[in-house]
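Heads up: the structure comes next, in structure tokens.
Residue numbers (my numbering): 188 to 494.
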């Protein structure tokens, strides 16, 4: 099923993001995670695309396996880094032939150590161009785009970032998913600013249930996502105790997601890092408590549609 249709017919939508494994052990861990999480009935899983297309085949194979072997909807990420339009067309043909209906279109990061993004000769320069390329092609796909509540690291300011985001939507993105964040007010303010300039598509909230604070902090440094000082202080007080960090991470993410859903967010996208326990605990708690049934405020504004 197309994700844009899910977002228009069900609220909230839950999704989980994975990265393609590089080893047999990693593959086993990933599919054990899929098997566990699918029991909580998330609406879809998504599979990332490595820097410079490093995991292109792994992305497609993993997405296909989730869909076919586990009977779960899956979305493939696609990047234009190092790709010609002919190469992109060939990959999109494979995606369509596999019966995959959803693609998350990104510019992508350059291979490690190569510095700034460089447009490939015969390729595309950014995600908006990629979305437009797919929209104008023969592939019937629901297209998602990334957005950054704390502003993309390469953007000069929020207004510039939002103007570019609007280009993605006008090119054909029918839903957006945020980079991870911890302060919900950042999300609420971002959605309000997006709506103010005419971006009306659903904006799913990206959340990472913290299992390891050190690992999460490294990820936040790479993507320039901030950790609120009180939350960091709470993790520091855990004294590097894995069990205490896990309990705190799950408790915070469950509270964060509940507040988002009560306020009308159309869905939660979990960054699971290919591991089940933290995401399983948070999603299980949300499914049990159903905080969205206590919706307050203008839910249609956050959802990007009118019920």
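Even glycine gets a Cβ: it sits at the ideal position worked out from N, Cα and C. Model, not experiment: these values are computed from the prediction.
Expressed to the nearest angstrom, what Euclidean distance is found between the alpha-carbon atoms of residue i and residue j?
{"i": "residue 494", "j": "residue 452", "result": "Because residue 494 carries a pLDDT of 41, less than 50, the predicted location of this residue cannot be relied on, and the following value inherits that uncertainty. Their Cα atoms are separated by approximately 13 angstroms."}
{"i": "residue 192", "j": "residue 359", "result": "14 angstroms"}
{"i": "residue 432", "j": "residue 471", "result": "19 angstroms"}
{"i": "residue 367", "j": "residue 446", "result": "15 angstroms"}
{"i": "residue 327", "j": "residue 189", "result": "10 angstroms"}
{"i": "residue 374", "j": "residue 392", "result": "7 angstroms"}
{"i": "residue 253", "j": "residue 312", "result": "30 angstroms"}
{"i": "residue 418", "j": "residue 430", "result": "16 angstroms"}
{"i": "residue 322", "j": "residue 261", "result": "19 angstroms"}
{"i": "residue 383", "j": "residue 351", "result": "14 angstroms"}
{"i": "residue 361", "j": "residue 387", "result": "9 angstroms"}
{"i": "residue 478", "j": "residue 438", "result": "15 angstroms"}
{"i": "residue 283", "j": "residue 208", "result": "22 angstroms"}
{"i": "residue 422", "j": "residue 285", "result": "43 angstroms"}
{"i": "residue 425", "j": "residue 293", "result": "36 angstroms"}
{"i": "residue 259", "j": "residue 272", "result": "30 angstroms"}
{"i": "residue 236", "j": "residue 343", "result": "26 angstroms"}
{"i": "residue 224", "j": "residue 281", "result": "27 angstroms"}
{"i": "residue 215", "j": "residue 476", "result": "31 angstroms"}
{"i": "residue 309", "j": "residue 244", "result": "21 angstroms"}
If you count every other CB in all the chains shown that lies within 10 Å of the CB of residue i, and 16 or more means buried, which is it?
{"i": "residue 325", "result": "exposed"}
{"i": "residue 246", "result": "buried"}
{"i": "residue 413", "result": "exposed"}
{"i": "residue 202", "result": "buried"}
{"i": "residue 234", "result": "buried"}
{"i": "residue 481", "result": "exposed"}
{"i": "residue 256", "result": "exposed"}
{"i": "residue 250", "result": "buried"}
{"i": "residue 420", "result": "exposed"}
{"i": "residue 346", "result": "exposed"}
{"i": "residue 288", "result": "buried"}
Is the separation between the beta-carbon of residue i and that of residue j shorter than 9 angstroms?
{"i": "residue 389", "j": "residue 363", "result": "yes"}
{"i": "residue 405", "j": "residue 227", "result": "no"}
{"i": "residue 356", "j": "residue 319", "result": "no"}
{"i": "residue 232", "j": "residue 270", "result": "no"}
{"i": "residue 268", "j": "residue 295", "result": "yes"}
{"i": "residue 427", "j": "residue 401", "result": "yes"}
{"i": "residue 449", "j": "residue 200", "result": "no"}
{"i": "residue 275", "j": "residue 317", "result": "yes"}
{"i": "residue 212", "j": "residue 463", "result": "no"}
{"i": "residue 461", "j": "residue 279", "result": "no"}
Whose CA, out of the options, lies closest to the CA of residue i?
{"i": "residue 290", "options": "463, 263 and 408", "result": "263"}
{"i": "residue 335", "options": "418, 294 and 377", "result": "377"}
{"i": "residue 441", "options": "398, 304, 254 and 353", "result": "398"}
{"i": "residue 315", "options": "260, 197, 211 and 353", "result": "353"}
{"i": "residue 348", "options": "222, 329, 461 and 380", "result": "380"}
{"i": "residue 195", "options": "213, 219, 230 and 206", "result": "230"}
{"i": "residue 371", "options": "478, 437, 443 and 477", "result": "443"}
{"i": "residue 403", "options": "369, 385, 386 and 424", "result": "369"}
{"i": "residue 409", "options": "283, 341 and 288", "result": "341"}
{"i": "residue 306", "options": "343, 266 and 197", "result": "266"}
{"i": "residue 385", "options": "489, 303, 214 and 216", "result": "489"}
Is residue i a contact residue of the ligand ZN, with contact defined as CB to any heavy atom under 8 angstroms?
{"i": "residue 332", "result": "Although the ligand ZN was asked about, the structure shown includes no ligands whatsoever."}
Could you give the residue range of the beta strand (DSSP E) that holds residue i?
{"i": "residue 400", "result": "Per DSSP, residue 400 belongs to no beta strand (DSSP E); it is in the alpha helix (DSSP H), 400–410."}
{"i": "residue 290", "result": "289–293"}
{"i": "residue 394", "result": "390–394"}
{"i": "residue 202", "result": "200–205"}
{"i": "residue 231", "result": "231–234"}
{"i": "residue 363", "result": "362–365"}
Starting from residue i and walking both ways along the alpha helix (DSSP H), at which residues does that stretch end?
{"i": "residue 320", "result": "314–322"}
{"i": "residue 276", "result": "272–284"}
{"i": "residue 383", "result": "371–383"}
{"i": "residue 455", "result": "Note, residue 455: premise wrong, no alpha helix (DSSP H); beta strand (DSSP E) at 454–458."}
{"i": "residue 441", "result": "429–449"}
{"i": "residue 473", "result": "464–476"}
{"i": "residue 196", "result": "190–196"}
For residue i, decide whether its Cβ has a neighbour in chain D, counting only Cβ atoms nearer than 9 angstroms.
{"i": "residue 394", "result": "Among the chains in the structure shown there is no chain D, since it carries only a single protein chain."}
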